[in-house]
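First up is the structure itself, then whatever we jot down about it.
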Amino acid sequence: MQAAPRLAELTTEELAALLSGGAPCVALVPVGSVEPHGPHLPLGTDTLIGEAAAEQAGRRLWARGVAALLAPPIGYGVTDFAAGFAGAISIPAPALTAFLRAVAEAYLSAGLSHVCFINNHLEPEHDRAVRAATSDLPLGRASVACPLARRWARTLSAEFRSGACHAGRYETSLVLAAASALVRKDIAEALPDLGLSLSEGIKAGAKSFRALGMDAAYTGSPREASEDEGRALLDLLATMIVTEVEEGLSSVSGHEPAPRKSSR
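At position 78 of the sequence shown the residue is numbered 141 (the numbering used here), and the sequence of numbers has no breaks.
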């Protein structure tokens with residue numbers, strides 16, 4: 064499959080050729096955070112996952128007649144739950160919404176057909192801020208691909224569905240598949256399982272990792288992670304992105320997707 068080009072690496076002439084080439088041109092924009100992910104994963108975990116999923120989705124979109132571009136990621140978000148840990152860099156939700164809306168409007172004004180924000184930072188206020196950025200844009204011109212949506216959450220792993228999944232088996236597997244060298248494997252293998260559900264804690268009113276009992280900024284089972292599981296999860300996240308993009312395109316242009324095939 065053809066790899067999706069990175070927008071920042073194109074020349075202006077190359078982008079102009081894509082925009083005039085007849086295929087719908089789409090920006091895939093990973094949105095992440097700078098956030099502690101236990102003692103074993105990098106601060107940029109959410110952004111790394113989004114970039115890896117976007118790469119897979121981009122290949123599949125090109126095979127289905129969509130000129131997908133890997134846009135520069137936006138690596139900052141609302142990161143209030145990790146307050147008190149080194150590396151929790153948080154920006155206000157209104158600032159994030161305004162910035163993302165401006166980014167989407169700029170891409171659309173530049174001639175792209177659709178902008179998809181790929182959000183793998185699952186803090187509720189962050190997710191609301193990302194979705195708010197697209198709420199006033201024309202129908203079908205922007206989408207949010209985020210596994211918090213019920214139709215995507217139910218396709219993912221048991222740990223993800225349990226809510227005990229911050230820097231646990233789910234995210235550690237994904238980073239092993241996306242950037243294995245960045246996982247501190249000896250540390251991950253020594254971490255005890257922690258069955259604290261973030262989603263249940265949030266429903267109960269908790270406002271921080273520490274309030275939930277996540278004293279090392281993780282929950283779940285990092286030691287059970289595997290690269291094979293991560294590859295399977297990336298495939299599912301890519302399906303989420305492809306579907307959100309094609310649904311948006313079909314609502315405004317009648318774009319008919321190619322028959323769906325697994326990338327594996």
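Even glycine gets a Cβ: it sits at the ideal position worked out from N, Cα and C. Just so we're clear, the structure is a prediction, and the values are computed from it rather than from any experiment.
Inset, instruction - For P285, count neighbouring Cβ atoms within 10 angstroms of its own Cβ and tell me buried if that reaches 16, exposed if not. - result: If you draw a 10 Å sphere on the C-beta of P285, you find 16 or more other C-beta atoms in it, and that means buried.
Legend entry - Helix, strand or coil at S325 according to DSSP, with G and I counted as helix: The pLDDT assigned to S325 is 45, lower than 50, so where the model puts this residue is not dependable, and the model offers no usable value.
Legend entry - Endpoints, the beta strand (DSSP E) within which S206 is located: Its beta strand (DSSP E) spans residues A205 to A208.
Inset, instruction - With DSSP collapsed to three states, give me the class of V141. - result: Reduced to three states, the DSSP call for V141 is coil.
Legend entry - First and last residue of the uninterrupted alpha helix (DSSP H) at V238: R232 to A242 is the extent of the alpha helix (DSSP H) around V238.
Legend entry - 7 angstroms CB neighbourhood of P187 in its chain, flanking five on each side removed: Within the same chain, and ignoring the five residues on either side of P187 in sequence, the residues whose Cβ sits closer than 7 angstroms to its Cβ are I265.
Inset, instruction - Confirm, please, whether the CB-CB distance from A192 to V141 is below 8 angstroms. - result: yes
Inset, instruction - Taking 8 angstroms as the cut-off, decide whether the C-beta atoms of R127 and A67 are in contact. - result: no
Inset, instruction - Could you tell me how far apart the beta carbons of V308 and L171 are, in whole angstroms, since I believe they sit closer than 8 angstroms? - result: Contact doesn't hold; Cβ gap of about 14 angstroms is too wide.
Legend entry - Cβ pair C88, L132 closer than 8 angstroms: yes
Inset, instruction - Check whether the Cβ atoms of L237 and L275 lie closer than 8 angstroms to each other. - result: L275 sits away from L237, with the two beta carbons spaced by 8 angstroms or more.
Legend entry - Cα-Cα separation between T218 and T302, rounded to whole angstroms: 10 angstroms
Inset, instruction - Using a threshold of 8 angstroms, state whether the C-beta atoms of I250 and H100 are closer than that. - result: no
Legend entry - Presumed contact (8 angstroms Cβ cut-off) between F180 and L163, rounded CB distance: 6 angstroms
Inset, instruction - Please look up how many angstroms separate the CB atoms of L312 and S198, rounded, as I've assumed it's under 8 angstroms. - result: Not quite, the Cβ-Cβ distance comes to about 19 angstroms (not below 8 angstroms), so this is no contact.
Inset, instruction - Tell me whether G174 is buried or exposed, calling it buried when 16 or more other Cβ atoms sit within 10 Å of its Cβ. - result: By the C-beta density criterion, G174 is exposed, having fewer than 16 other C-beta atoms within 10 angstroms.
Inset, instruction - Determine the DSSP secondary structure at A130, reduced to helix, strand or coil. - result: strand
Inset, instruction - Let me know the alpha helix (DSSP H) ranges lying completely inside the stretch 150-181, each 4 residues or longer, listed in chain order. - result: 156-172
Legend entry - Residues sharing a beta bridge with R69, DSSP: L133
Inset, instruction - Say whether the stretch 241-259 touches the stretch 278-293, bearing in mind that this needs 3 or more beta-carbon pairs closer than 8 angstroms, one atom from each stretch. - result: yes
Inset, instruction - Report the residue from P135, P93, E287 and M64 whose alpha carbon sits nearest the alpha carbon of L73. - result: P135
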